[in-house]
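Down below is the structure, laid out as structure tokens.
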Amino acid sequence: MVTGTIEDVKHTEYTAEVKIRFDEPHNWGGELYRFDWAHARLHDDFGSLHHLEIIDDKYQTLRVRFTKSISVIDRMFAQDYKAWGAVNLKEWIDSYESSRFTLIGYDMAVITSEYNIEHIEEWLRMNTPILSIEKTI
């Protein structure tokens, strides 16, 4: 299964299309893809859009930009695994029940969680160098 974040939606007279930024780059046919469009024809639903699964609307989403690169922040975890219980920021966020960390830039991530987003945001503000946090959903 390929996972990612919806970045754009287009609707035309004939098609519905959704741009997905993948959680991890994918290699298809020798090409490396960081995003792609899922589509469906409206008259018969033919296309890749019927494979798309949407996260429940109860999930909350944060878009976080750090003042340092995430690779620098990850070193904090790697240097003191016993204290954090995780090797990097993604593993730490993903260990929260119903929560997921998606890297979208060297210093930016999208974090989704069904009911832990307030705790995650509080922890991030106390323990990481935050430039901005935006609640998107």
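For the sequence shown, the residue numbers in UniProt numbering are 1 to 137. Don't be surprised by glycine CBs; every beta carbon is placed ideally from N, CA and C.
Check whether the Cβ atoms of residue i and residue j lie closer than 8 Å to each other.
i, j, result
"ARG65", "ASP23", "no"
"ILE104", "ARG21", "yes"
"TYR59", "GLU7", "no"
"VAL72", "TYR81", "no"
Of all the options the options, which has the alpha carbon lying nearest to the alpha carbon of residue i?
i, options, result
"SER132", "VAL18, TYR33, THR67 and GLN60", "THR67"
"HIS26", "HIS11, VAL18 and THR3", "THR3"
"GLU13", "ALA83, HIS43, ASN127 and TYR81", "HIS43"
"ASN116", "TYR81, ASN127 and ARG100", "ARG100"
"SER69", "LYS135, PRO129, THR136 and GLU118", "PRO129"
"SER98", "MET76, GLN79 and HIS119", "HIS119"
"THR15", "ASP74, GLY47 and GLU134", "GLY47"
Beta-carbon of residue i versus every beta-carbon of chain D: anything under 8 Å?
i, result
"PHE46", "No chain D appears in this structure, which consists of one protein chain only."
Identify every residue that forms a DSSP beta bridge with residue i.
i, result
"residue 145", "Because the chain spans 1 through 137 in this model, residue 145 falls outside it and cannot be assessed."
"MET108", "ARG65 and GLY105"
"GLY4", "PHE22"
"HIS11", "ALA16"
"GLU31", "TRP28"
"GLN60", "SER113"
"GLU121", "DSSP lists no partner for GLU121."
How many whole angstroms separate the CB atoms of residue i and residue j, which I take to be in contact at a CB cut-off of 8 Å?
i, j, result
"THR136", "ARG63", "5 Å"
"THR61", "VAL9", "The pair is not a contact, with the Cβ atoms about 15 Å apart (cut-off 8 Å)."
With contact counted as at least three CB pairs below 8 Å, one residue from each stretch, are the region 25–39 and the region 91–101 in contact? Output reads no: the region 91–101 does not touch the region 25–39.
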